Amino acid sequence: MKYGGLFSTLMVAVTLTSSCTTGFQNSVLPRGASNLERRSVAPPAPDRPVILMAFSGGGARAAALAAAVLAKMDGVTYTASDGRHRLTDDITLVSSVSGGSVTAAWLGLYRGENLGERLAELKDRFLTQDNMGSLKGNLVNPLFWVREAFTDYSRIQALEELLDKRLFDGKQISEINQPGKPFVIFNASDMAGGETFAFTPSRFDDICSDFDSMRLSTAVAASAAFPIALTPVTFKDFQKDCPGNIRDARWAEIEQAAPQGQLNLAEYRNARYTNDLRQREPTFRSIKFIHLLDGGLADNLGINSIRDALSRGSDDTHLLQEINLGHVRKLVVIIVNARSDPPNELYEKQDASGLFGQLAAVTSAPIDANSLNAQQNIDRLLLEMARAAVEAPNTDIALQVYNVTVDFDTIAADTPGHRALRDVVKTIPTSWNIDADQLSTIDQASALILDNDGCYRQLLADLKATGGPQNPLSTGCKTRVTKPH
Numbered sequence: 002m003k004y005g006g007l008f009s010t011l012m013v014a015v016t017l018t019s020s021c022t023t024g025f026q027n028s029v030l031p032r033g034a035s036n037l038e039r040r041s042v043a044p045p046a047p048d049r050p051v052i053l054m055a056f057s058g059g060g061a062r063a064a065a066l067a068a069a070v071l072a073k074m075d076g077v078t079y080t081a082s083d084g085r086h087r088l089t090d091d092i093t094l095v096s097s098v099s100g101g102s103v104t105a106a107w108l109g110l111y112r113g114e115n116l117g118e119r120l121a122e123l124k125d126r127f128l129t130q131d132n133m134g135s136l137k138g139n140l141v142n143p144l145f146w147v148r149e150a151f152t153d154y155s156r157i158q159a160l161e162e163l164l165d166k167r168l169f170d171g172k173q174i175s176e177i178n179q180p181g182k183p184f185v186i187f188n189a190s191d192m193a194g195g196e197t198f199a200f201t202p203s204r205f206d207d208i209c210s211d212f213d214s215m216r217l218s219t220a221v222a223a224s225a226a227f228p229i230a231l232t233p234v235t236f237k238d239f240q241k242d243c244p245g246n247i248r249d250a251r252w253a254e255i256e257q258a259a260p261q262g263q264l265n266l267a268e269y270r271n272a273r274y275t276n277d278l279r280q281r282e283p284t285f286r287s288i289k290f291i292h293l294l295d296g297g298l299a300d301n302l303g304i305n306s307i308r309d310a311l312s313r314g315s316d317d318t319h320l321l322q323e324i325n326l327g328h329v330r331k332l333v334v335i336i337v338n339a340r341s342d343p344p345n346e347l348y349e350k351q352d353a354s355g356l357f358g359q360l361a362a363v364t365s366a367p368i369d370a371n372s373l374n375a376q377q378n379i380d381r382l383l384l385e386m387a388r389a390a391v392e393a394p395n396t397d398i399a400l401q402v403y404n405v406t407v408d409f410d411t412i413a414a415d416t417p418g419h420r421a422l423r424d425v426v427k428t429i430p431t432s433w434n435i436d437a438d439q440l441s442t443i444d445q446a447s448a449l450i451l452d453n454d455g456c457y458r459q460l461l462a463d464l465k466a467t468g469g470p471q472n473p474l475s476t477g478c479k480t481r482v483t484k485p486h
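For the sequence shown, my numbering assigns the number 2 to the initial residue and increments by one for each residue that follows.
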């Protein structure tokens, strides 16, 4: 992930406006109220797949790639025991970061409602607009300086207002937290502790805050609050004397009490963070406010929430329980990684002491390395699940796993045309603007990547689907392991 374009065009904000903010943007859970989870991962029919997707960060480039993948999938249809379906009907969970959160929210609102037309509307209303011009126009407007200096208004709210004006019209999370909708999990980074803060009902329980009343524009902006250029989204922890009816988190106490030799460090840290948010003694950190920045700082692929769904029984989705009960027969995981990799002029310069260049480098390089590690970890987890399913005794039905990666680096370098497409698409900058030619290039790249992915082709072949490549590639799908006869 490279933030060069966004970084350079918004750095003017640092010198033009102050960086302080005193307000918070969440509300307390009303007395006696609960944060309900109304969505379900259980497939409507046993022969239908359960599709999990992760949308990475990367500004408008990431939003466009996620939209292109969805449009490609929406053109695929198949017949199951309960009728004819589009492949997008089976998207059960989307975990998103930064620019990917724009498309994730749009999918949460409109999946099943002529999605193809809605994705075209997303392009018209947001992706092809001069969003950067609108943001920079705010930053050079004297009224903006006065508003930020003398009120709780901050730079991140300029992005929220833009998202509301272009897309969300004040809509709240309650509109996507409904039966029949996919789980959409927006991921931000806790500025103080470095943890991923996932927008889920249970996490909002941890701070005694009302999940459904959160505006979509605030959730997406928190996921996309690139540091320095934008101010954090600040939440208040209302847990002290919480008036709401929150669910039990005894699992956190159990994880923290595990014997040292049996300690799962990742689970322990998550449990400790939950305990601190709930202000339960003994606390590691005293948390009164949570300052949220771009989710890419902690997990630029949005993989953590998918990993939790696949491995934690306490997860909101209860996906692991559904898998263990045999309700999920086909598990599909699609990672959409919009990472760019343009030529770096630093390789041709003797002097690399520029402040902005160094700041961009120290944010991009660790994020890319982190993303690669996360991708490899999820690949191993899915392969282990596939093998465990076929080796399990006393079962005739094995879980079929399809691990699909959409990444510009996977474009084959087999022809000059493919190499040129790969090189062009990887130079699209990280910004909130994207032009028509860049959109077309991303559409071409996403179609090529999906059509040549062995697991995607194997899924369509197994479903006997139409609208995509029918036959598996000779390389096959590594996670599609069959039970020996």
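Every residue, glycine too, gets a C-beta built ideally from N, C-alpha and C.
Since this is a predicted model, take the numbers as computed values, not measurements.
Residue i classed as buried or exposed, judged by whether at least 16 other C-beta atoms fall within 10 angstroms
i	result
Phe285	exposed
Ser287	exposed
Leu31	According to the sequence displayed, residue 31 carries Pro and not Leu. Classification for Pro31: exposed.
Lys73	buried
Thr232	buried
Ala413	exposed
Lys182	buried
Gly477	exposed
Lys124	buried
Ser20	Annotation note: pLDDT 44 at Ser20 (below 50); position unreliable, coordinate value reported separately. Looking at its Cβ environment, which holds fewer than 16 other Cβ atoms inside 10 Å, Ser20 is exposed.
Asp410	exposed
Glu161	buried
Glu268	buried
Leu461	buried
Asp75	buried
Pro44	buried
Phe200	buried
Asp408	buried
Spatially closest choice to residue i from the options, by CA coordinates
i	options	result
Arg281	Asp300, Leu311, Gln240, Arg62	Gln240
Glu196	Asp436, Arg273, Val391	Arg273
Ile157	Gln26, Val426, Ala389	Gln26
Pro244	Val29, Tyr457, Leu400	Val29
Gln173	Leu88, Ala106, Arg85	Ala106
Ala81	Thr480, Ala466, Arg481	Ala466
Leu383	Arg119, Ala310, Val185	Ala310
Ala67	Gln459, Asn404, Asp444	Asp444
Leu164	Val70, Ile435, Thr431, Ser102	Ser102
Ile255	Asn276, Glu118, Ala199, Val185	Asn276
Met133	Thr483, Pro417, Asp436	Asp436
Asp242	Arg279, Leu449, Trp252, Ser190	Arg279
Glu385	Ser312, Glu162, Leu293	Ser312
Asp463	Glu118, Arg330, Gln179	Arg330
Gln439	His328, Val425, Gly60	Val425
Pro470	Asp90, Leu326, Gln459	Gln459
Ile450	Ser315, Arg423, Arg216	Arg423
Asp191	Leu294, Asn378, Glu114	Leu294
Gly100	Gly84, Ser57, Pro202	Ser57
Arg216	Phe187, Arg40, Phe227, Arg119	Phe187
Cross-strand partners of residue i (DSSP beta bridge)
i	result
Val234	Leu293
Val337	Phe56, Val407
Gly84	Ala81
Asn188	Val98, Ala199
Gln173	Arg216
Ser210	Val29
Val402	Leu332
Pro228	Leu231
Val425	None, per the DSSP bridge assignment.
Val482	Partner(s): none; Val482 has no beta bridge.
Thr467	Thr78
Val496	In the structure as shown, the chain begins at 2 and stops at 486. Residue 496 is therefore absent and cannot be evaluated.
Ile92	Ile52
Boundaries of the beta strand (DSSP E) in which residue i is found, first to last residue
i	result
Thr80	78 to 81
Limits of the alpha helix (DSSP H) - the one that residue i falls within
i	result
Ala272	266 to 278
Gln240	Neither: Gln240 is in no alpha helix (DSSP H) and is coded neither H nor E.
Leu163	156 to 164
Gly117	116 to 123
Ser312	304 to 312
Lys255	The amino acid at residue 255 is misidentified as Lys; the sequence shows Ile. Note, Ile255: alpha helix (DSSP H), 251 to 257.
Ile179	Looking at the sequence shown, residue 179 is not Ile but Gln. Here Gln179 belongs to no alpha helix (DSSP H), and DSSP marks it neither H nor E.
Ile497	Shown here, the chain extends from 2 to 486; a query on residue 497 therefore has no answer.
Pro130	Here the sequence assigns Gln to residue 130, which means Pro is not the residue at that position. Looking at the DSSP string, Gln130 is not in any alpha helix (DSSP H), and its letter there is neither H nor E.
Asn434	Counting along the chain, Asn434 falls outside any alpha helix (DSSP H), and DSSP gives it neither H nor E.
Leu320	320 to 325
- request: Specify whether the stretch 44 to 54 and the stretch 371 to 383 touch according to this definition: at least 3 beta carbon pairs, one from each stretch, less than 8 Å apart.
  value: Counting Cβ pairs under 8 Å, fewer than three are found: no touch.
Stretch-stretch touch, CB-based, cutoff 8 Å, three pairs: the stretch 332 to 341 with the stretch 401 to 412: Yes, the stretch 332 to 341 touches the stretch 401 to 412.
- prompt: Is it a yes or a no for the stretch 171 to 185 touching the stretch 291 to 305, going by three-plus beta-carbon pairs under 8 Å?
  reply: No contact exists between the stretch 171 to 185 and the stretch 291 to 305.
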